[in-house]
Amino acid sequence: MNSSSPSRRDFFANSSAALTGMAFSSLLTKDGFSAELGQPHFAPKAKRVIYLYMSGGPSQFETFDDKPELRKNHLKPMPAELTKGAKLAFLQHQTLKCRGSEVEFSTCGKSGQRISNLLPHIQKIADDICIIRTQQTEQVNHDPAHAFMNTGTAIAGRPSMGSWTTYGLGHQTDDLPAFVVMRSGPEGQPVPQTAWNSGFLPGKHTGVELYSSGAPLNYLESPAGIHSHTQRTSLNALAKLNQLHHSNVADPEILTRMAQYELAYKLQTSVPDLADFSDEPKHIRERYGASDKPNGTFGSNCLMARRMAERGVRFIQLYHTGWDHHGNVKSNMERFCKMVDQGAAALIQDLKQRGMLDDTLVIWGGEFGRTPMTQGSGRDHHIKSGSMFMAGGGIKGGITYGETDPFGFTAAHDPFHVHDFHATALHLLGIDHRRLVYRYKGRNFRLTDVHGHIVDKILA
Amino acid sequence: MQRILSALLIMLPSLGQAETVSYNRDIRPILSENCFFCHGFDEQTREGDLRLDTFEGATSGDAIVPGHPEKSEIIARIFSEEEDDVMPPHDSIYSLSKAEKETLTAWIKQGAQYEKHWAYQKVVQPQVPALADHPVDAFLKKDWQQQGVASVEKASPRNLLRRLSYDLRGLPPTPKEVAHFEADPSEARYLQYVDQWLNSLEHAEHQAVRWLDLVRWGNSSGMVSDEPIASGPYRKYVIESFQENTPFDQFTREQLAGDLFPEPTQRTLTASAYNRLVKTNSEAGVIEKEALYALKGEHVRALGTVWLGATTGCAECHDHKYDPISAKDYFSLAAFFDDLIEVGVYQPGDRRAPIYYLHDDEQSIAQEAEFTRQIDEVRKKLYESPIDQKQLQSWTKDVFAQEKNSKKEKEPQDWDWFPAELPPAKIILGDFEQTEQGRKVTAPDGQLSRHFAAEVLSAGSGKADSFYADVIIDPDHRPTFLAFQTVNGAYERLGWHRDYQVTYYWGKKPEGKLPEYIAPKKLVHLGDIPEETGRVRLDVPAKKFKKARYRPVGMGWIQQGGTVTWLASGFRTDAHRVFSNRLSESALRYFWELPVNRDDRKEFPNLLIRSLRTAPEKRREIHTQIIEIAFREFQQPELVQQLNQLYREAYHLRRKGTPTLVSKTTTPKKTHLLNRGNFMEEIGPVLKPAVPEVFDNGINGSKERLNRLDLANWILSPDNPLTARVFVNRLWHQFYGRGISETLEDAGNQGDWPSNLDLLNWLAFEFQQKGWDIKKIIRLLVTAESYQLSSIPDSLLAQNDPTNRLHTRQGRYRHRAEELRDSALAAAGILRPTQEIPVQSFFPHQPKAYWEKSHKIMYGSRYQIWETNRKESQHQRSLYTYWKRQNAHPSMLALDAPTRQECTTRRAVTNTPAQALALLNDPIFVEASRALAERLLRETTEENRIEHLYQLTLQRDPSDIEKTEVQNLHQELLTRFQQHPEEAKKLCPSQRSSRSETETVQLAAWTGTCRILLNLHEFLTRS
């Protein structure tokens, strides 16, 4: 299947016509029928994305934003002029006091980036990553903030960033889905599955969740007693019967259906192959902290991500849950950084060593940051500041973008809004965010709505 | 529009030049698409002070000079090649084609006449062209004649009946039905099927699915914690309404305002759950006001989608870019829903009060209504009484004094959490006889008896020194086992899992298997059954408590044999806690049947004291409210008693009833006109309910505050141009495969120009003016000859009209998710016909890792488990599937069912490998294959098996070559299973031990064969 055929397939799926592509171009702007780009607007820097999504909102003050002034004022009142009129979650009716970080930071690499000692492995790749300290969003609670970070709006039901990407660029492999999601981390606080939904884009752009241990995909396994040989025999017969039907009614949708069953069959082997780590050298597995098969950890998912990247998966999103540290921020951050530090660094190093980092955009970050104000022993959700990092795929490594005020409350300069993040990421993928549109309910929708600026300073 | 023109131009190359250009058909789409964003209705973003959406605006300067394209600035601009001049701007995503530019020029030359948007014109019924007997055919034929096209031939009887069956029932016809029709494919027999199926329950169920998509119905609250909500009765109401063919006007009024009827009934109250299907949040840290504005958005977006075909949501932040709906209109519509009792942020596990309880028998129905009336009356007296400030102050002092005393008291005290006569409880299980002394229970020897109460109107918080239950044991009939349970939960809600129950017992543990309500691992022995007669205490000291994750919210009392009278139960705690518990009951009582913000609810245990301590100017609304509530209760103890008694009795009745969400009206909340939707700055004026100005039929001038019933009446007024058009257009889409206007969700300026406006108007008028009769319209649609056409286009049509805009053939597409699952079960003969429309949903098989326990997604608030239903109840129709809006069933999602988090007018029709995997491997489809194979073996002999299989699945005979292919497949599978009988056993595990290996192999080979038939494209596709 080449990258232009899916749109035709969609079209046939919706029409009843047995026709060639003749009157086809005239249909492209139609509601629900927009063409996929199938190719970028301009030469891309990144061919794929691996998005390490720290769900719950990791604290920047224990990771990438070192604030001596905040430490000095620990448990003293926050300057009122900073916090006036701010949209807060739990701290709405509370007196606002500073929480200085109890975590040490170090100056790392040739670039001299400041990174928390909770991330010793990330510290070692300081020169490869671009730290952003002025992440800003508009949504202060998890559910809408996830929606905003993933879809560019708080209203549920819009396409996610991964869906836009595969819609825009098509896919590079037939053997695996183009957009894959995996999860790790503690249960409890959920990530809504709508975060990887395709919204009004065709359903095939919905992220496919691979489970991080056990059977990786819904309905991947043939029923008990159906050996792969039996499955093959059965599908051959199905194809023949469908082909006979096609010779009677000449509906091209039948050919599409046949192709999809073949793809399904391929997935039945390619996904188990993907999830079989036994062909990875021991030292590689150890670097990720993974075993010979997926074990549900973040590191294991990172290894899976690299394997997917190699196999042509376009957009990979790894959610790690549990970063919502309203209490005990220090000990919790110690625990959670430990869960992701090694795997994330291993992924970037591994990609680099394989020459894949250049065209793979790696993103690390959550749906929002956390307050410099204390909430008991923890920190509340915060939309004015937060840290994330990006690497590879056209990103300038070894730099820090944006600076917060001395208390870390908001951006002193260079704010990095979610819309800017989306615009920049799409840019690296060779997509003009203003031109990647889909017509729905009578208007052209974009990931960035009517906003978004490409942040040139972080581009290599 | 371009697409339409180009498609038509092939047939009519002269259009646009020789014919008059029509504003609505030709011009509006061009302007709306390319110009209105900056030169349209939205004043705030209007560029260059130019609006092109009205004649006045466009001609006030020299933008458009009617009759003179050469003098019109817009013509110069659109043809300009200068980057700075050209319109649309060169850096925008918009651009005009040559044809569009020429069409605009021609239009200006013809005088630049504007027309009111087609969907905004009053519905007037056009003359039926005298071209056919059936009006639908007549309108279509006229169009075909004008376009110079011809329709395809009629579908074969088998194809037609199969189509009709799916369209009317969502199920395939039986082979018998097809044979019967093929024997006599007359109009009379066709009509017989139309009427028979149209009046079946299956039809109502099938029709309900689309409505449930529209109103985004689900079993869960739809956001993060995604808790169960009492929405089952509403689904039943929808099905019943379609079955009874409830006129659409009544259907509309009942849903929007069933609670505001002069005499609401169970039916109208259940219908009013429509307003409560909004997604609701219970996430910590959500700002109440923001969430309330989000709810307003839910109401307005749904109203726009369900009834108006209008994308009202856009106007939350700005005036609509394309349609005459202003931000003011948006918030004025929102104000219609301000009277609803609802909160922004619910407590996790909240049932989403207000709830009404439905009953089956007349007596209980009457009692329920009477309780509701009396409760409202007593509450009004109690909570709206005047307050004497002086008395309030002296009471305040008194409360403080008592509190001080309670702190001095060192000795722990009993807190009779469950007094001998139980306080009102939302959950009461088991039987007991209430005597003067207490709750008397007699259990036959050897038998366990348990009664249980939870979520009570009595405070249960605080650290306990011991739990106790006081009992009187009948010395002549002693039990062998005596126990009580503390049952934990979170957020004052009951956990749903027995792990949450700790059972403390005296005497001998029951022999054999323990009942479901006793968790074997949480069973604590405390000694022998006391020998004393008279009142005796069963006491559990603190050191015996099993560690519980959540605090108790209920208690259970169990005995094996014996006669026991249960007196008060509770816990010993310090005097100050006892005092606080007593005080907090005012809040519990007041909010007993009301939702409350989760943060406020959390404060209940100390709310009164804290509120009294807060300086008046610093008090939040809840603080003032609770002081007044408590004070009024203090002043009117007899009313408090009365209210308690009413609640107690009502909940004894309600334990037998079925809860349903309902709308309930109260003092309206306020809606401000927000600036760019920003709730943080409520600086705009407070708006009262009003309909969008452009559609105002005078209703906005009313002196009384308009309510939801007025809104419904406006929707249904003959002046409202949208409702009827939008509804019949959706029906047309259902029966013809595409809309007359393809944008079912948007009848506004950006909507698709109808392929046959006269037809749409004619149908809309029939619907609106002749009784809002849904079945009548459906009957009209399926009896037209046009409906009965083949779905295979000839090659000319395929080229010239690929999307079938002219309806010269029928639609051909994959069946919907529910239809596929139901069809597989039907072919296998195991689909369970609905005897009585269920209120409960069933839990089908789903992949293990998907979700099993709700705590993954529900913060442990209510420990709901995905308990896959046992075999037969799995075989219900798919619309009764438990619909969790955050995790809808994976097979349903793969087959394009929406999550129902937002209103959906039409589902996508995709074709993906995930669908193939689901259809091949989802256990329910495998089970259907197996059952189908069993059926084949049961009903046929070797010779006619394949014919029968084709009849059961496709209602036709196989061709010779098909038969050979299936035979080959079967033979290959048979050989495989003969060589590997262990695989056959796995595929077809034996229910009975008597099945021989040969039989199993035989069954497996047919199961494998059936599985492939159930995956055939033809099986999956509307014919």
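Keeping their order, the protein sequence lines are chains A and B.
The opening residue of the first sequence carries number 1 in the numbering used here; numbering runs sequentially from there.
The opening residue of the second sequence carries number 461 in the numbering used here; numbering runs sequentially from there.
For every residue, glycine included, the Cβ atom is placed at its ideal position computed from N, Cα and C.
Exercise for the section: Look up B/Gln1451 in the DSSP assignment and say whether it is helix, strand or coil. Expected result: The answer is coil: DSSP assigns B/Gln1451 none of H, G, I, E or B.
Problem - Contacts of A/Val49 in chain B (Cβ-Cβ under 8 Å) - result: Under the 8 Å cutoff, chain B gives no residues; its nearest Cβ is about 21 Å from A/Val49.
Handout entry: Status (buried if at least 16 other CB within 10 Å, exposed otherwise) for B/Glu1478
Key = Counting Cβ neighbours within 10 Å, B/Glu1478 comes out buried, since at least 16 surround it.
Exercise for the section: Determine the chain A residues that contact B/Ile621 at a beta-carbon separation under 8 Å, and present them in chain order. Expected result: In the sequence as presented, Ile is not what sits at residue 621 of chain B; that position holds Leu. Listed along chain A is no residue with a C-beta nearer than 8 Å to that of B/Leu621; the closest approach is about 17 Å.
Exercise for the section: Examine chain A for any beta-carbon lying closer than 8 Å to the beta-carbon of B/Glu869, and answer yes or no. Expected result: Chain A contact via Cβ: absent.
Handout entry: Three-pair Cβ contact test at 8 Å for the segment 391 to 400 of chain A versus the segment 77 to 89 of chain A
Key = Output reads no: the segment 77 to 89 of chain A does not touch the segment 391 to 400 of chain A.
Handout entry: Selection of the segment 1332 to 1352 of chain B by Cβ proximity to chain A, strictly under 7 Å
Key = Result list: Gln1346, Asn1347 and Pro1350.
Handout entry: Collapsed DSSP secondary structure at B/Ala1090 in the structure displayed
Key = Here B/Ala1090 carries a helix assignment [DSSP, helix/strand/coil].
Exercise for the section: Quick one: list the residues of chain B neighbouring A/Lys434, beta-carbon separation under 7 Å, in chain order. Expected result: Residue 434 of chain A is actually Arg in this sequence, not Lys. Close partners of A/Arg434 in chain B (Cβ separation under 7 Å): Ile553.
Problem - Simplified DSSP assignment, three categories, for A/Glu403 - result: Secondary structure of A/Glu403 (DSSP, three-state): strand.
Problem - Through-space distance from B/Ala775 to B/Glu758, alpha-carbon basis - result: Each residue's alpha carbon lies about 13 Å from the other.
Exercise for the section: Taking B/Leu567 as the reference, give the member of B/Ser532, B/Glu541 and B/Ala598 with the closest Cα. Expected result: Inspection of the sequence shows that residue 567 of chain B is occupied by Trp rather than by Leu. For B/Trp567, the closest C-alpha among the options B/Ser532, B/Glu541 and B/Ala598 is that of B/Ser532.
Problem - Under the three-state DSSP convention, the category A/Gln515 falls into - result: This structure leaves residue 515 of chain A out entirely; chain A is present only between 1 and 460.
Problem - Cβ neighbours of B/Phe1031 in the same chain (closer than 6 Å, five flanking residues each side left out) - result: Answer for B/Phe1031: Trp875, Ala924 and Phe927, listed in chain order.
Problem - Top-ranked residue by Cα proximity to B/Lys968, from B/Pro635, B/Glu976, B/Glu662 and B/Ile1018 - result: Of the candidates B/Pro635, B/Glu976, B/Glu662 and B/Ile1018, the one whose C-alpha sits nearest the C-alpha of B/Lys968 is B/Ile1018.
Exercise for the section: Could you check what DSSP says for A/Ala250 in three-state terms: helix, strand or coil? Expected result: In the displayed model, A/Ala250 falls within coil according to three-state DSSP, outside both helix and strand.
Exercise for the section: Step through the CB atoms of chain B and report whether any lies within less than 8 Å of the CB of A/Gly112. Expected result: Proximity of A/Gly112 to chain B, defined by a Cβ-Cβ separation below 8 Å, is not satisfied.
Exercise for the section: Please decide whether B/Lys850 counts as near chain A, where near means a Cβ-Cβ distance under 8 Å. Expected result: By the rule that beta-carbons nearer than 8 Å mark a contact, B/Lys850 does not touch chain A.
Practice task
Return the Cβ separation of B/Gly571 and B/Pro526 in integer angstroms, given the expectation that the two are a contact with Cβ distance under 8 Å.
Solution key: In this structure, B/Gly571 and B/Pro526 form a Cβ contact; the two beta carbons are roughly 5 Å apart against a cut-off of 8 Å.
Handout entry: Contact list for A/Arg257 against chain B, beta-carbon separation under 7 Å
Key = Think of a sphere of 7 Å around the beta carbon of A/Arg257: the chain B residues whose beta carbon falls inside it are Asn1371 and His1477, in chain order.
Practice task
Could you tell me which residues DSSP puts in a beta bridge with B/Asp930?
Solution key: Note: B/Asp930 sits in a beta bridge opposite B/Arg997.
Exercise for the section: Give me the Cα-Cα distance between B/Lys569 and B/Thr1183, rounded to the nearest whole angstrom. Expected result: Using only the alpha carbons, I get a separation of about 36 Å.
Handout entry: DSSP three-state assignment for B/Pro876, whether helix, strand or coil
Key = Note that residue 876 of chain B corresponds to Asp in the displayed sequence, not to Pro. Strand.
Problem - For B/Pro980, the three-state DSSP class (helix, strand or coil) - result: Looking at B/Pro980 - three-state DSSP - the assignment turns out to be helix.
Practice task
Please say whether B/Asp1212 and B/Ser1201 have beta carbons closer to each other than 8 Å?
Solution key: Cβ atoms of B/Ser1201 and B/Asp1212: closer than 8 Å.
Practice task
Would you kindly report the start and end of the unbroken alpha helix (DSSP H) that includes B/Arg1073?
Solution key: In this chain, the alpha helix (DSSP H) harbouring B/Arg1073 covers Leu1067 to Arg1073.
Problem - Buried versus exposed, by CB contacts within 10 Å (16 or more), B/Leu1027 - result: The residue in question, B/Leu1027, is buried, as its Cβ has 16 or more Cβ neighbours within 10 Å.
Problem - Proximity to B/Pro693 [Cα-Cα], best of B/Phe1139, B/Leu1121 and B/Val1386 - result: The candidate whose alpha carbon is nearest that of B/Pro693 is B/Leu1121.
Exercise for the section: Alpha carbon to alpha carbon, how far is A/Lys204 from A/Ser163? Give it in angstroms, no decimals. Expected result: Their Cα atoms are separated by approximately 9 Å.
Handout entry: Same chain, Cβ closer than 7 Å to B/Glu1088, five either side skipped, listed in chain order
Key = In the same chain as B/Glu1088, and ignoring 5 residues on each side of it, the C-beta atoms closer than 7 Å to its own belong to Ile847, in chain order.
Problem - Bridge-paired residues (DSSP) for B/Thr1481 - result: Per DSSP, the beta-bridge partners of B/Thr1481 are B/Arg1274.
Exercise for the section: Tell me B/His1132's beta-bridge partners as DSSP assigns them. Expected result: B/Val1146.
Handout entry: B/Leu1480, buried or exposed, once every other Cβ within 10 Å from all chains shown has been counted against 16
Key = B/Leu1480 comes out buried.
Problem - Beta-carbon contacts of A/Val180 that lie in its chain and below 7 Å, excluding the five residues immediately before and after - result: For A/Val180, where only same-chain residues beyond five positions count, the Cβ hits under 7 Å are Gly207, Val208, Leu210, Met308, Val313 and Ile316.
Exercise for the section: Pick out whichever of B/Gln1336, B/Lys857, B/Ser1338 and B/Tyr1342 has its Cα sitting closest to the Cα of B/Glu1327. Expected result: Out of B/Gln1336, B/Lys857, B/Ser1338 and B/Tyr1342, B/Tyr1342 has the C-alpha closest to the C-alpha of B/Glu1327.
Exercise for the section: Could you check which residue in A/Ser116, A/Ser222 and A/His419 has the C-alpha nearest to that of A/Gln60? Expected result: Answer by Cα proximity: A/Ser116.
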